[in-house]
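J.:
Residue numbers (the numbering used here): 24 to 426.
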């Protein structure tokens, strides 16, 4: 039977003098997170027969930095995020994208610790993660964002060949709220919301804010702007336009029909979208996807805008001033207050955008035109509103019938 090894401690923690071999041994204690059990496993690794204390210290340093452990090249979830940050900086991602991803990865860490090795994340672990974030009580939108960030890290590591297989290729994605289940605001409901802000007051620092809120919700309903794009608007972003259309192709009621020509002038106001305001970071940036565009205003928001602008100029304001001075949260809170008073569902500012695009589709507006007005790509529109194009097959069959 082998004699029991006798070691003496040294002045250096984890380094021992082996009296049998007259050399130094190093013991490194560490813990590994087991994603299956959700608990830490405590392990140790020894390196034996080091000739000098200097060699022992060098080997201990390697162990402490991961250089000597088995699988030391395995990438962790934190490592994948660090890689993503390098990519984000190299490709000049917006500060908003970086901030949002940072917030979402922190939420991911609540359920899958940052030290988890990606090779240990299998189908079972992914499904547990999906279950945990849903049980936590997040909104459908937040669940979608957290899941997308988690998948983004795994896909990036696989793309860089840091993991041998991508479990996302065969693990079913988490199911969040179907796009067709998002709320749309009926015309009757919007008229009641508009009436609420017309007939009620909200005074702050001697100013009734409801007329501007009324203008904001009219703009959102009739243009489908994102809330950040709407908050960023200045008075100079609204401009008049006039164009002529053939008299036999009347699409709009002309303001000043010219009976002496074969054309009727169409006049109005359009709003330019070339920026977006991020209230959480108090900065103005390019619109999403860098999609600058302009949208014609319907008569209702056009009249409200003219009234607000004239009042602003009478008080010595500038056309360069922002129209709305609130953040996202306050806009949603004011809208929910109106919905509660009217006994409506708790609509959000984004529901106006969904309603606008849905209405254009129902009216048969061509997809390229919807893309131009909304700032979304045709691919995104088809993906999010595919249920609304279900009658297109009949349209194709009708068109091909007599050919």
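Just so you know, even glycine gets a beta-carbon here, dropped at the ideal spot from N, CA and C.
Please read these numbers as outputs of a predicted model, since none were measured by experiment.
1. To the nearest angstrom, how far is it from the Cα of residue 430 to the Cα of residue 350?
2. Could you give the first and the last residue of the continuous beta strand (DSSP E) run that contains residue 319?
3. Only counting the same chain, and skipping five residues up and downstream in sequence, which positions put a Cβ closer than 7 Å to that of residue 301?
4. Quick check on residue 288: does DSSP put it in helix, strand or coil?
5. Helix, strand or coil, according to DSSP, for residue 412 in the structure here?
6. List the whole-angstrom C-beta distance separating residue 49 from residue 100, where the pair is believed to meet the contact cut-off of C-beta under 8 Å.
7. Using only the alpha-carbon positions, how far apart do residue 28 and residue 75 sit?
8. What residues are listed by DSSP as bridge partners for residue 263?
9. Return the CA-CA distance between residue 368 and residue 140, expressed in angstroms with no decimal places.
10. Take the Cβ of residue 408 as the centre, count every other Cβ of all protein chains shown within 10 Å, and call the residue buried at 16 or more, exposed below.
11. Looking only at its chain, what residues have a beta carbon closer than 6 Å to the beta carbon of residue 390, apart from the 5 residues adjacent to it on each side?
12. Of all the alpha helix (DSSP H) runs that stay within the bounds of the stretch 341 to 409, which reach a length of 4 or more residues?
13. Kindly indicate the opening and closing residues of the alpha helix (DSSP H) around residue 245.
14. Determine whether the beta carbon atoms of residue 168 and residue 127 lie at a separation below 9 Å.
15. Just the Cα atoms here: how many angstroms apart are residue 380 and residue 86?
16. How would you call residue 236, buried or exposed, if buried means at least 16 neighbouring beta carbons within 10 angstroms?
17. Among all the DSSP beta bridges, which residues are the ones paired with residue 430?
18. Hey, residue 185 and residue 109: beta-carbon distance below 9 Å or not?
19. Spatial neighbours of residue 361 within its chain, please: CB distance less than 6 Å, with the 5 preceding and 5 following residues excluded, ordered by chain position.
20. Please go through the same chain and pick out, in chain order, the residues whose beta-carbon is closer than 6 Å to the beta-carbon of residue 321, but skip the five residues on each side of it.
21. Mind checking which residues open and close the alpha helix (DSSP H) that includes residue 131?
22. Taking its Cβ as the centre, do 16 or more other Cβ atoms sit within 10 Å of residue 107, making it buried, or is it exposed?
23. Less than 9 Å between the beta carbons of residue 156 and residue 177, yes or no?
24. Are residue 170 and residue 192 close, meaning C-beta to C-beta below 9 Å?
25. Do the CB positions of residue 129 and residue 159 come within less than 9 Å of each other?
26. Ignore the nearest five residues each way along the sequence and tell me which others in residue 330's own chain have a CB closer than 8 Å to its CB.
27. If we count the other Cβ atoms within 10 Å of its Cβ and call it buried at 16 or more, is residue 265 buried or exposed?
28. Would you tell me roughly how many angstroms separate the C-alpha atoms of residue 30 and residue 38, rounded to the nearest one?
29. What first and last residue would you give for the alpha helix (DSSP H) that runs through residue 100?
30. Could you say which of 423, 343, 316 lies nearest to residue 393 if we only look at CA atoms?
31. From the DSSP output, read off the bridge partner residues of residue 169.
32. According to DSSP, what are the bridge partners of residue 299?
T.: Judging by the given coordinates:
1. In the structure as shown, the chain begins at 24 and stops at 426. Residue 430 is therefore absent and cannot be evaluated.
2. Here the beta strand (DSSP E) through residue 319 covers 316 to 319.
3. Counting only Cβ-Cβ distances below 7 Å, and skipping sequence neighbours, we find 119, 251, 308.
4. Correct three-state label for residue 288: strand.
5. In the structure shown, the three-state DSSP call for residue 412 is helix.
6. Beta-carbon to beta-carbon, residue 49 and residue 100 are separated by about 29 Å, too far to satisfy the 8 Å threshold.
7. Residue 28 and residue 75 have their C-alpha atoms some 19 Å from each other.
8. Under DSSP, residue 263 forms a beta bridge with 292.
9. So the two alpha carbons sit approximately 43 Å from each other.
10. By the Cβ neighbour-count rule, residue 408 is buried, with 16 or more other Cβ atoms within 10 Å of its own.
11. Sequence-distant partners of residue 390 (beyond 5 residues in either direction) whose C-beta falls short of 6 Å from its own C-beta, in its chain, are 401.
12. List check, alpha helix (DSSP H) in window: 351 to 365, 372 to 385, 390 to 397, 401 to 407.
13. In the DSSP annotation of this structure, the continuous segment of the alpha helix (DSSP H) that includes residue 245 starts and ends at 233 to 246.
14. Yes, Cβ-Cβ distance for residue 168 and residue 127 is below 9 Å.
15. Residue 380 and residue 86: Cα-Cα distance of roughly 57 Å.
16. Buried, since its Cβ has 16 or more Cβ neighbours within 10 Å.
17. Nothing can be reported for residue 430, as the shown portion of the chain is limited to 24 through 426.
18. For residue 185 and residue 109, no; Cβs fall outside 9 Å.
19. So the list reads 216, 219, once near-sequence residues are dropped.
20. Counting only residues of its own chain and dropping the five nearest sequence neighbours on each side, residue 321 has a CB closer than 6 Å to the CB of 245.
21. Following the DSSP letters along the chain, one finds residue 131 inside the alpha helix (DSSP H) bounded by residues 118 to 132.
22. With 16 or more Cβ atoms within 10 Å of its Cβ, residue 107 is classed as buried.
23. Going by C-beta atoms, residue 156 is not nearer than 9 Å to residue 177.
24. With a cutoff of 9 Å on beta-carbon distance, residue 170 and residue 192 are scored as not near each other.
25. Taking 9 Å as the Cβ cut-off, residue 129 and residue 159 do not qualify as a contacting pair.
26. 234.
27. That one is exposed.
28. Approximately 10 Å between the Cα atoms of the pair.
29. That run of the alpha helix (DSSP H) goes 100 to 113.
30. Of all alpha-carbon atoms in 423, 343, 316, the one lying nearest the alpha-carbon of residue 393 is that of 316.
31. In DSSP, residue 169 forms no bridge with anything.
32. In the DSSP assignment, the residues bridged to residue 299 are 308.
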